[in-house]
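Peer 1: Numbering (this note's numbering), first residue to last: 1 to 625.
Note that the Cβ used here is the ideal one computed from N, Cα and C, for glycine as well.
Computed from a predicted structure; not experimentally measured.
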Amino acid sequence: MKRLLPLLLAVAALGSLFLANGQEKKDSLPGPTRPLKALLIAGGCCHDYVKQHEVLYKGIQERASVRVDVMWTRDRTTNPPLPLYDDPDWAKGYDIIIHDECAASNKDLKVMENILEVHKTIPAVHLHCAMHSFRNGTDKWAKHLGLHSTGHGPQKPLEITYTNPDHPITKTLENWVTKNEELYNNREIFDAEPLAFATQKVGDRENSAVVAWTNTKQGAPTFSTTVGHNTYTVEDPRYLDLVTRGLLWAAGKLNDDYLKPYTGSNVITEMGAKEEKVESLFGKLSKDAVKVKLTASSVQVSASHFPWRAIDGNVETRWTANGAAHPAWLQLEFEEPTTVTLAEILWEQRTEWYHYKIETSRDGKNWEIAHDGSKNQRKSDTKDRFTAQNIKFLRVTTLGQETGKWPALWEIRLKGPKGKLKLFPILDKKEINQTKGASGKGFEKSGNIKPQITKLSPEEEAAILKDCEVPEGFEKTLFASWHSANYPVYVAASPGGDLYVSSDGNGSLGRQPNRGRVLRLRDTDKDGRADEVTEFIRDIDSPRGLIWDHDRLYLLHPPHISVFFDRDHDGVAEESKRLISDIAFGFKDRPADHTTNDITIGIDGWIYIAGGDFGFMKATGTDGR
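Take a look at the structure:
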């Protein structure tokens with residue numbers, strides 16, 4: 001207590017206060033209106049879904065209190081991977097579905113039945129090529145839509161006329177003319193209730209068709225439009241207004257309460273993303289290449305020092321074990337029996353000695369020492385000659401290092417009877433995805449990698465925990481690795497055991513936008529390890545101190561303090577409110593080092609704020625003072 005009291009006094013002296021736990025006026029916090037949860041499904045043939053899925057979810061969220069989660073694929077075939085439909089409960093937790101897939105060749109009747117069963121009770125929006133999807137020899141999909149379309153004409157402007165100006169969807173909209181677009185035909189109209197026609201001039205002909213309609217006769221209400229082939233059309237505010245109002249109408253929420261922007265987070269999932277081919281990492285596979293699978297006793301994954309780096313031909317990349325402990329080993333498994341006559345090792349520390357040994361095996365069980373370097377004193381790269389015929393495995397084991405540095409080497413080069421072996425790494429799906437995630441590729445200027453639960457080996461966990469000391473009588477275990485929560489800054493626990501982690505990819509000195517987030521880690525099976533991770537708050541700059549209180553998360557994200565709500569308990573905040581503005585510098589003035597960092601809640605119900613060494617600037621609360 002002697003040490004704790006001064007600390008509490010210091011925190012109080014540094015901070016300012018405001019009431020929490022309901023002591024603030026109730027009307028200053030978000031009201032009870034819950035944002036709708038929509039799921040946008042996009043991808044397939046013939047359209048720029050890379051851009052369009054983003055335009056759609058952002059455009060809808062800017063116009064309505066709708067959280068739009070996205071499941072999309074960059075596959076451009078007529079039968080794109082849509083694995084979510086394999087699960088009968090694929091739409092669980094959503095209020096409305098937005099179909100923007102283009103999957104004409106998906107003829108799986110079970111998939112269509114799973115979709116139609118959901119839409120008996122959950123409303124839907126159908127956009128453009130969704131009308132040409134699921135052509136399986138039946139008319140069930142067309143009847144669900146309310147209209148059967150079989151094709152389209154050339155790309156020419158569409159003159160769109162709203163035919164029912166009194167309908168809630170269209171009463172605020174005006175007729176308009178698009179740029180070049182496709183006019184979908186109307187082969188047969190079932191239960192569609194037209195909202196808009198479009199006319200398209202092609203030479204001397206003038207074609208017309210229904211391009212927007214509703215259907216209330218096939219289960220839950222639906223809204224559909226065949227407009228939206230080109231991205232410039234999808235970006236048009238008139239198109240986004242139509243789609244947003246159609247969505248709200250179908251969900252029964254076309255009113256002022258929901259015609260307000262959604263400011264919370266959403267979840268974006270890429271389905272069936274094409275994996276990076278090994279050839280794109282290492283060049284083309286030559287006819288005389290020797291395929292090799294590499295494994296190691298441990299790997300410093302956080303620095304991208306993967307085992308295959310040891311044979312990638314780049315002397316500036318390396319394999320490194322995840323810790324300084326010896327022995328540590330790196331193993332090469334040849335796809336075909338291989339004869340080796342020389343092993344050259346380029347050690348990381350080329351001016352210091354390594355103690356090591358090289359072993360070979362034909363079956364991975366019985367090993368022979370090809371070279372014993374356990375007493376090596378050579379302070380340089382090593383070249384060792386031996387003859388190991390028709391082996392399947394070669395293992396290099398480090399036994400010690402002159403100054404105690406981590407086991408690491410830049411390259412292993414092997415020769416056989418005919419000269420240098422052209423080693424070519426074999427990577428499995430997990431290694432490719434791990435490599436892409438750790439590399440940070442695509443995040444040079446903004447953003448952060450997707451968090452994921454990754455199972456580590458006992459050796460990898462031990463290497464992480466070895467520097468963690470606990471008092472006698474306590475045990476230490478790993479709750480989550482960097483794959484689940486990289487660059488952690490602060491943590492807060494809820495009474496139910498969920499752990500909230502503020503994660504800032506900028507560290508303290510970066511200024512790139514959207515690198516920050518708050519992650520929710522959950523241990524669903526109560527084994528002491530996180531097995532579920534969600535991005536509770538995405539794309540927020542400089543997340544720092546945080547408090548979980550009752551049903552909300554308070555977050556200090558300089559220069560502001562906000563409160564976030566997850567009312568449907570899915571691990572993603574859908575509501576937020578700014579409580580204090582300009583409590584510190586923003587990126588335009590300086591990076592987030594020395595900033596206002598910590599907040600904590602006292603037993604008196606007040607939140608205490610620890611100010612950084614440049615003070616509170618011009619902080620303003622919700623009352624404007």
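Evaluate the contact criterion for the stretch 200 to 217 versus the stretch 239 to 259: three or more CB pairs, one atom per stretch, below 8 Å.
Peer 2: Short answer: they touch.
Peer 1: Give the C-beta separation of Ser-562 and Leu-546 to the nearest angstrom, bearing in mind that I take them to be a contact with Cβ-Cβ under 8 Å.
Peer 2: Within the sequence shown, residue 562 is the residue found at index 562, counting from 1. Within the sequence shown, residue 546 is the residue found at index 546, counting from 1. In fact, because the Cβ distance is near 10 Å, the residues do not count as touching under 8 Å.
Peer 1: Take Gln-401 and list the residues in its own chain whose beta-carbon comes closer than 6 Å to its own, dropping the five residues that flank it on each side.
Peer 2: Walking along the sequence shown from the start, residue 401 turns up at place 401. Same-chain partners within the cutoff: Tyr-354.
Peer 1: If Ala-462 and Ala-530 are in contact, beta carbons under 8 Å, what's the gap, nearest whole angstrom?
Peer 2: Taking the sequence shown and counting its residues from 1, one reaches residue 462 at position 462. Taking the sequence shown and counting its residues from 1, one reaches residue 530 at position 530. Rounded, the Cβ-Cβ distance is 18 Å, inconsistent with contact.
Peer 1: From this set, Thr-225, Ala-142, Ser-105, which residue's C-alpha is nearest Thr-161's C-alpha?
Peer 2: What you label residue 161 is simply residue 161 of the sequence shown in a count that begins at 1. When only C-alpha atoms are compared, the closest one is Thr-225.
Peer 1: What is the residue span of the beta strand (DSSP E) that Glu-193 lies within?
Peer 2: By 1-based counting over the sequence shown, the position of residue 193 is 193. From DSSP, the beta strand (DSSP E) with Glu-193 extends over 193 to 202.
Peer 1: Can you check DSSP and say which residues form a bridge with Asp-384?
Peer 2: Within the sequence shown, residue 384 is the residue found at index 384, counting from 1. According to DSSP, Asp-384 bridges with Ala-343.
Peer 1: Express the C-alpha separation of Ile-599 and Pro-451 in angstroms, rounding to a whole number.
Peer 2: Residue numbering aside, residue 451 sits at position 451 when the sequence shown is read from its first letter. Residue numbering aside, residue 599 sits at position 599 when the sequence shown is read from its first letter. Going by the C-alpha atoms only, they are around 25 Å apart.
Peer 1: With a threshold of 8 Å on Cβ separation, who are the neighbours of Glu-101 within its own chain once the five nearest residues in sequence on each side are excluded?
Peer 2: Locating residue 101 in the sequence shown gives position 101, counting from the first residue. Only Ile-41, Ala-42, Gly-43, Gly-44, Pro-80, Leu-82, Cys-129, Ala-130, Ser-133 meet the Cβ criterion.
Peer 1: Please report the distance separating the alpha-carbon of Tyr-85 from that of Ile-169.
Peer 2: Sequence index remark: in the sequence shown, residue 85 carries index 85 (1-based). Sequence index remark: in the sequence shown, residue 169 carries index 169 (1-based). Going by the C-alpha atoms only, they are around 29 Å apart.
Peer 1: For Gly-323, which residues in the same chain have their Cβ closer than 7 Å to its Cβ, ignoring the five residues on either side in sequence?
Peer 2: As a position in the sequence shown, residue 323 is number 323, starting the count at 1. Here the set comprises Ser-298, Trp-406, Ala-463, Lys-466.
Peer 1: At the level of alpha carbons, what is the spacing between Leu-36 and Val-301?
Peer 2: Position 36 of the sequence shown, counted from the start, is the residue given in the question as residue 36. Position 301 of the sequence shown, counted from the start, is the residue given in the question as residue 301. Using only the alpha carbons, I get a separation of about 39 Å.
Peer 1: When the Cα atoms are used, what is the spatial distance from Leu-127 to Tyr-608?
Peer 2: Residue 127 sits at position 127 when you count from the first residue of the sequence shown. Residue 608 sits at position 608 when you count from the first residue of the sequence shown. Cα-Cα distance, rounded: 49 Å.
Peer 1: At which residues does the alpha helix (DSSP H) containing Arg-245 begin and terminate?
Peer 2: Along the sequence shown, one-based indexing puts residue 245 at 245. Here the alpha helix (DSSP H) through Arg-245 covers 237 to 250.
Peer 1: Measuring CA to CA, which of Glu-535, Val-202, Cys-46 is closest to Thr-231?
Peer 2: Counted from its first residue, the sequence shown places residue 231 at position 231. Out of Glu-535, Val-202, Cys-46, Cys-46 has the C-alpha closest to the C-alpha of Thr-231.
Peer 1: Is DSSP giving His-326 helix, strand or coil here?
Peer 2: Working through the sequence shown from its first residue, we reach residue 326 at position 326. Residue state, collapsed to three classes: coil.
Peer 1: Please state the DSSP three-state secondary structure of Gly-59.
Peer 2: Here residue 59 is taken as the residue at index 59 of the sequence shown, counted from 1. In the structure shown, Gly-59 sits in a helix (DSSP, three-state: H, G or I).
Peer 1: Please report the distance separating the alpha-carbon of Thr-77 from that of Leu-254.
Peer 2: Within the sequence shown, numbered from 1, the residue matching residue 77 stands at position 77. Within the sequence shown, numbered from 1, the residue matching residue 254 stands at position 254. Cα to Cα, Thr-77 sits roughly 35 Å from Leu-254.
Peer 1: With a threshold of 8 Å, are at least 3 pairs of Cβ atoms found where one atom belongs to the stretch 258 to 268 and the other to the stretch 57 to 72?
Peer 2: Taking 8 Å as the limit for Cβ pairs, the verdict is that the stretch 57 to 72 does touch the stretch 258 to 268.
Peer 1: What is the rounded straight-line gap between the Cα of His-560 and the Cα of Asp-582?
Peer 2: Translated into the one-based positions of the sequence shown, residue 560 becomes position 560. Translated into the one-based positions of the sequence shown, residue 582 becomes position 582. Taking the straight line from one Cα to the other gives about 6 Å.
Peer 1: According to DSSP, is Arg-395 helix, strand or coil?
Peer 2: Here the question's residue 395 lines up with position 395 in the sequence shown. Residue state, collapsed to three classes: strand.
Peer 1: Which two residues bound the contiguous beta strand (DSSP E) that contains Met-71?
Peer 2: In the sequence shown, the residue the question calls residue 71 occupies position 71. Its beta strand (DSSP E) spans residues 66 to 72.
Peer 1: Quick check: what's the CA-CA separation for Trp-427 versus Val-572?
Peer 2: As a working mapping, residue 427 is identified with position 427 in the sequence shown. As a working mapping, residue 572 is identified with position 572 in the sequence shown. Before going further, note that residue 427 is Leu rather than Trp in the sequence given. Those two C-alpha atoms are separated by around 34 Å.
Peer 1: Just how far apart, CA to CA, sit Ala-492 and Asp-551?
Peer 2: Counting from one through the sequence shown, the residue named residue 492 turns up at place 492. Counting from one through the sequence shown, the residue named residue 551 turns up at place 551. Near 13 Å, if we compare the C-alpha coordinates of Asp-551 and Ala-492.
Peer 1: With distance defined between alpha-carbon atoms, name the residue in Thr-534, Leu-556, Pro-543, Arg-544 nearest to Asp-566.
Peer 2: The sequence position of residue 566 within the sequence shown is 566, counting from 1. That would be Thr-534, whose Cα lies nearest to the Cα of Asp-566.
Peer 1: Rounded to the nearest angstrom, what separates Glu-431 and His-305 at their Cα positions?
Peer 2: Here residue 431 refers to the residue found at position 431 of the sequence shown. Here residue 305 refers to the residue found at position 305 of the sequence shown. Cα-Cα distance, rounded: 12 Å.
Peer 1: Who are Gly-43's beta bridge partners in DSSP?
Peer 2: Residue mapping note: residue 43 aligns to position 43 of the sequence shown, counting from 1. Gly-43 pairs with Glu-101.
Peer 1: When you compare only the Cα positions, how much space is there between Lys-120 and Phe-190?
Peer 2: Numbered from its first residue, the sequence shown carries residue 120 at position 120. Numbered from its first residue, the sequence shown carries residue 190 at position 190. Rounded to whole angstroms, Lys-120 to Phe-190 spans 17 Å at the Cα level.
Peer 1: Considering only residues of the same chain and omitting the five flanking positions on each side of Asn-175, which have a CB-CB separation below 7 Å?
Peer 2: In the sequence shown, counting from the first residue as 1, residue 175 sits at position 175. Excluding residues within five positions, the ones whose Cβ falls inside 7 Å are Ile-160, Thr-161, Tyr-162.
Peer 1: Going by DSSP, what residue range makes up the beta strand (DSSP E) through Tyr-232?
Peer 2: Here residue 232 is taken as the residue at index 232 of the sequence shown, counted from 1. No beta strand (DSSP E) contains Tyr-232, which is instead part of the alpha helix (DSSP H) from 231 to 234.
Peer 1: Leaving out five residues on either side along the sequence, give the residues of the same chain with a beta carbon under 8 Å from the beta carbon of Arg-574.
Peer 2: Taking the first residue of the sequence shown as position 1, residue 574 is located at position 574. Sequence check: residue 574 is Glu here, not Arg. Excluding sequence neighbours, Glu-574 sits near Arg-34, Pro-35, Lys-37, Arg-67, Tyr-262, Gly-264, Ser-265, Phe-565, Asp-566, Arg-567, Asp-568.
Peer 1: Given a threshold of 16 other Cβ atoms within 10 Å of its Cβ, counted over all protein chains shown, does Val-202 qualify as buried or as exposed?
Peer 2: Residue numbering aside, residue 202 sits at position 202 when the sequence shown is read from its first letter. When all chains shown are included, Val-202 counts as exposed.
Peer 1: Compute the minimum distance between the beta carbon of Glu-532 and the heavy atoms of the ligand NAP, and state whether it is under 7 Å.
Peer 2: Ligands are entirely absent from the displayed structure, and the ligand NAP is therefore not among its contents.
Peer 1: Have a look at Thr-398 and Arg-413 and give me their C-alpha separation to the nearest angstrom.
Peer 2: In the sequence shown, residue 398 corresponds to position 398, counting from 1. In the sequence shown, residue 413 corresponds to position 413, counting from 1. So the two alpha carbons sit approximately 17 Å from each other.
Peer 1: Using the Cβ count rule (16 or more neighbours within 10 Å means buried), how would you classify Gly-22?
Peer 2: Numbered from its first residue, the sequence shown carries residue 22 at position 22. Here the model assigns Gly-22 a pLDDT of 35, short of 50, so the residue's position is not dependable and the matter cannot be decided.
Peer 1: Give the secondary structure of Tyr-49 by DSSP, where H, G and I count as helix, E and B as strand, and everything else as coil.
Peer 2: Residue 49 sits at position 49 when you count from the first residue of the sequence shown. Here Tyr-49 sits in helix by DSSP.
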